[in-house]
Structures are given as structure tokens and as C-alpha cells.
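Here the structure is laid out as C-alpha cells; the discussion comes afterwards.
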Amino acid sequence: ASEGQYAVYDLGGGTFDISLLRLTKGVFEVVATGGDAALGGDDVDAALAVWALAAAGRQATTAHDRRAVLVAARAAKEALTEAATAPLTCSLADGPLAVAVTRARLDAVAKPLIDRTLGVVKRVLRDARVSRDDVQGVVMVGGSTRMPAVRTAVGELFGRPPLINLN
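For any residue, its number in our numbering is found by taking its place in the sequence shown, counting from 1, and adding 71.
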């Protein structure tokens, strides 16, 4: 890796973290960090579940129903990483739920949450007095960074495609 500043964008299931690192002579130094402990991929699942129930004119009244629709929402979200459309299906107490979800719908549902992560990134850059152009690369970490909308939004913010194939 070349010397300079790197951002690590980490969107996991339950939390979001951003770290700004400086690489000098092979050593990484943490320049700044930020995050949102109450924001993660689980929130995208929950928002998609709410949308699906509303679209079908249904409600999840029991704990089992709420869990089932969340599991179905996560499966649809994961399928939409590759597919343009995916089914969101599960069994609820009052019968089966089946809703088709497009990637565009998922993107729209996820946008406010993705925008919240970008706000945190901008604040960390500002506090560190680092411009996006000072950042050599953005490393994506966490399962929710597989979402195309997340990769696109982060790429647009930094003006370059994020690095997704690093360990």
C-alpha cells in the first residue's frame, strides 16, 4: 500500500464506525474515529420489514411475526446484492406474506440510513481537517457494505470507488 491517509468504513449489523488512518513507513496511525452505535445493517432490515408489511397492508402483531419478517427482510436484502428483484416471504400468524422487492426499493428504504453514515464520515473528516481528496483509499468492512447502494454512496462521497477486496 502507498503512504497516505485511508478511511475504514465499517457498517456491520448493529453499529457503524469510521476510522481515518495515516500510513507512514508501513505503520498505520489512527488519525480520527467516529461512529453511530445505534445504526447498522439491522436497521436496514427493520426498515425493509416495515415497508413490506405496509405494502401488503399487514401487521406483525406477535414476536414470532416480527422475527419472521425481519429474517425475510434480511434474506431479501442479501439477495438484492446480486439480483435486481427478490421475494420477501414468510409465514405470519394470519397467513403467508409475499412481497416482491426491487433493488431500487431497497435503496430508497436504506437511503436515510446510508445518509446518516455519510454525515458521520463528513464530521470525522471535518474534525480531522482532512478533505476527501486527501484520502488515498476507502476500505469497506462489515456485511452491510456489500449493498450496492452503500458502495455507490461512499464512492460518490470520496470521489473514487471504495476498496472492497481487502482483508
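Where a beta carbon is used, it is the ideal one built from N, C-alpha and C, also for glycine.
Check, Outcome
"Bounding residues of the beta strand (DSSP E) (the contiguous stretch that carries Asp165)", "Counting along the chain, Asp165 falls outside any beta strand (DSSP E), and DSSP gives it neither H nor E."
"Contacting residues, own chain, Cβ-Cβ under 7 Å from Glu74 (five flanking each side not counted)", "Leu94, Thr95"
"Helix, strand or coil at Ser73 according to DSSP, with G and I counted as helix", "coil"
"Opposing strand residues paired with Asp90 [DSSP bridges]", "Position check: residue 90 holds Ser in this sequence, whereas Asp was assumed. According to DSSP, which records beta bridges pairwise, Ser90 is partnered with Val79, Thr104."
"Those runs of the beta strand (DSSP E) which lie wholly inside the region 164 to 210 and span at least 3 residues", "166 to 173"
"Sequence-distant residues of its chain with Cβ nearer than 7 Å to Arg194 (five each side left out)", "Gly105"
"Assigned secondary structure, Thr216 (DSSP; H/G/I helix, E/B strand, else coil)", "helix"
"Rounded Cβ spacing between Ile185 and Val221 (contact assumed at less than 8 Å)", "6 Å"
"Span of the alpha helix (DSSP H), counted from its first residue to its last, around Lys148", "134 to 150"
"Leu159 in three-state terms, based on DSSP", "strand"
"Of the listed residues Leu91, Ala131, Ala175, nearest to Gln76 (C-alpha basis)", "Leu91"
"For Gly112, the first and last residue of its enclosing alpha helix (DSSP H)", "112 to 127"
"Close Cβ partners of Ala103 (< 7 Å) along its chain, the five nearest in sequence each way excluded", "Leu91, Val195, Asp198, Ala199"
"Option nearest Pro167 by Cα separation, candidates Ala157, Phe87, Ala127, Pro183", "Ala127"
"Of the residues Val101, Val206, Glu153, the one placed nearest Arg217, counting alpha carbons only", "Glu153"
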